[in-house]
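Q: Sharing a structure, written as structure tokens. Questions coming.
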Amino acid sequence: MTTEREGWDCYIFESNIQGQEVSWVEAEHAHVRLKGTNAWFLQHFNVYVIPADQNILSTGISIIHTNPYTWLDNTTSNGWDYYETGKVGTGRLNF
18 MTTEREGWDC YIFESNIQGQ EVSWVEAEHA HVRLKGTNAW FLQHFNVYVI PADQNILSTG
78 ISIIHTNPYT WLDNTTSNGW DYYETGKVGT GRLNF
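Its first residue numbered 18, the sequence shown is counted upward by one per residue in the working numbering.
Encoded structure:
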């Protein structure tokens with residue numbers, strides 16, 4: 018979902034790990050990258066890995082909560098701006 022000025026964006030990412038056994042997942046750090054002169058003011062940046070979004074039985078939760086309050090706005094249409102959370106995630110989703 019994407020909204021404009023004074024709104025919010027929400028993105029869902031999927032991962033499929035075939036042929037490997039995974040017993041847990043943690044969200045340790047995250048990045049946002051914006052190309053161009055779009056002028057995003059990034060107030061809150063949150064990542065959730067929760068049981069409800071899994072297609073197999075899981076327990077626990079892994080979360081990243083940050084409040085960067087920073088502009089992502091490059092001076093050129095081909096330039097990139099970045100925000101990285103650093104290693105701030107908590108929790109673990111277990112399978």
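Just so it is clear, CB atoms sit at the ideal spot from N, CA and C, and this is done for glycine as well.
Treat the numbers as computed from the prediction; the structure is a model and nothing was measured.
Would you say Ser75 and Pro68 are within 8 Å of each other, going by their C-beta atoms?
A: Yes, these two residues count as a Cβ contact at 8 Å.
Q: Following the continuous beta strand (DSSP E) through Phe58, name the residue where it begins and the one where it ends.
A: 57-59 is the span of the beta strand (DSSP E), which, as asked, contains Phe58.
Q: Are the beta-carbon atoms belonging to Ile81 and Ala56 less than 8 Å from one another?
A: For Ile81 and Ala56, no; Cβs fall outside 8 Å.
Q: Would you call the CB atoms of Phe62 and Ala47 closer than 8 Å?
A: Yes, the Cβ-Cβ distance between Phe62 and Ala47 is below 8 Å.
Q: Just to confirm my understanding: we take Gln71, look at its own chain, exclude 5 residues before and 5 after, and list those with CB closer than 8 Å. What are they?
A: Correct list, in chain order: Leu110, Phe112.
Q: How is Asp70 classed by DSSP in three states: helix, strand or coil?
A: Three-state DSSP puts Asp70 in a helix.
Q: Assign Phe62 to one of three DSSP states: helix, strand, or coil.
A: The answer is strand: DSSP assigns Phe62 an E or B state.
Q: Taking Gly106 as part of the beta strand (DSSP E), name the residues at either end of that continuous run.
A: Segment: none, Gly106 is in no beta strand (DSSP E) and carries neither H nor E.
Q: How big is the Cα-Cα spacing for Phe30 and Thr93?
A: For Phe30 and Thr93, the distance between alpha carbons rounds to 28 Å.
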